[in-house]
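Per this note's numbering, the very first residue in the sequence shown carries number 50; after that it's consecutive. For every residue, glycine included, the Cβ atom is placed at its ideal position computed from N, Cα and C. Beneath this line is the structure, given in structure tokens, with notes to follow.
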Amino acid sequence: MSENCNACIRFIGYVIENDGNKAKIAIFNEYLEGLRRITDFSHLIILYWFHMRDNKKDRSTILVHPRGDPSKPLVGVFASRSPCRPNPVGLCVCRLLDIRGDCIIVEGLDAFVDSPIIDIKPYIPRIDSVPSAKIPDWLK
Numbered sequence: 050m051s052e053n054c055n056a057c058i059r060f061i062g063y064v065i066e067n068d069g070n071k072a073k074i075a076i077f078n079e080y081l082e083g084l085r086r087i088t089d090f091s092h093l094i095i096l097y098w099f100h101m102r103d104n105k106k107d108r109s110t111i112l113v114h115p116r117g118d119p120s121k122p123l124v125g126v127f128a129s130r131s132p133c134r135p136n137p138v139g140l141c142v143c144r145l146l147d148i149r150g151d152c153i154i155v156e157g158l159d160a161f162v163d164s165p166i167i168d169i170k171p172y173i174p175r176i177d178s179v180p181s182a183k184i185p186d187w188l189k
């Protein structure tokens, strides 16, 4: 595939409230049917757009100090969760609390108000959890 390949992302909603614990995500009407049976799951994976980092400077970032902490080693952006990256996509595992009309209420979302939502996936422990996964000492 060519590096000039373009893709089109369709946002499915956006964050309308977030108090640091509970967040409310509004889902656009045309995607509401996609929430059918989502309450069968306790947790969701929310993919969202770092809209405040969608600029030339932040998209050009290749090396970062994790969490912006200069005492941490300089690492490649793909070895970090930095919001500054070529494609500003965020990922967060959240506890599903409720669905009210066109809104999903979750706990633990680290996205800001007005962050566009890219996708929602159910969290499935046998697929999404790797208890034996290795992480570097500087992340512990």
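Suppose contacts are defined by Cβ-Cβ distances below 8 Å. Is residue i in contact with residue j by that definition?
i: N67; j: F161; result: yes
i: I148; j: T110; result: no
i: D107; j: C133; result: yes
i: I74; j: I166; result: yes
i: Y63; j: D163; result: yes
i: F90; j: P180; result: no
i: K71; j: I154; result: yes
According to DSSP, which residues form a beta bridge with residue i?
i: D190; result: Lying outside 50 to 189, the shown extent of the chain, residue 190 is not represented and no answer is given.
i: G62; result: I76 and I166
i: I176; result: DSSP output for I176 lists no bridge partner at all.
i: L140; result: L96
i: P171; result: L93
i: N104; result: Partner(s): none; N104 has no beta bridge.
Spatial neighbours of residue i within its chain, please: C-beta separation below 6 Å, excluding the five flanking residues on both sides.
i: L122; result: One point to set straight first is that residue 122 is Pro, not Leu, in the sequence displayed. W187, listed in sequence order.
i: P135; result: R108
i: R59; result: none
i: S178; result: none
Residue i: which of the options sits nearest, CA to CA?
i: P115; options: P165, I95 and R130; result: R130
i: F99; options: K189, C141, S178 and G150; result: C141
i: I173; options: S120, R144 and I58; result: R144
i: I65; options: C152, I184 and N78; result: C152
i: R85; options: G117, G125, G150 and N55; result: G150
Looking only at its own chain, which residues have a Cβ that is under 8 Å from the Cβ of residue i, when we skip the five neighbours before and after it?
i: D103; result: P137
i: I61; result: I76, F77, Y80, G83, I166, I167, D168 and I169
Report the CB separation of residue i from residue j in whole angstroms; it is logged as a contact under 8 Å.
i: G139; j: Y97; result: 5 Å
i: L112; j: G125; result: 6 Å
Taking 7 Å as the limit between beta carbons, can you name the residues of its chain near residue i, skipping five residues before and five after?
i: M101; result: F161
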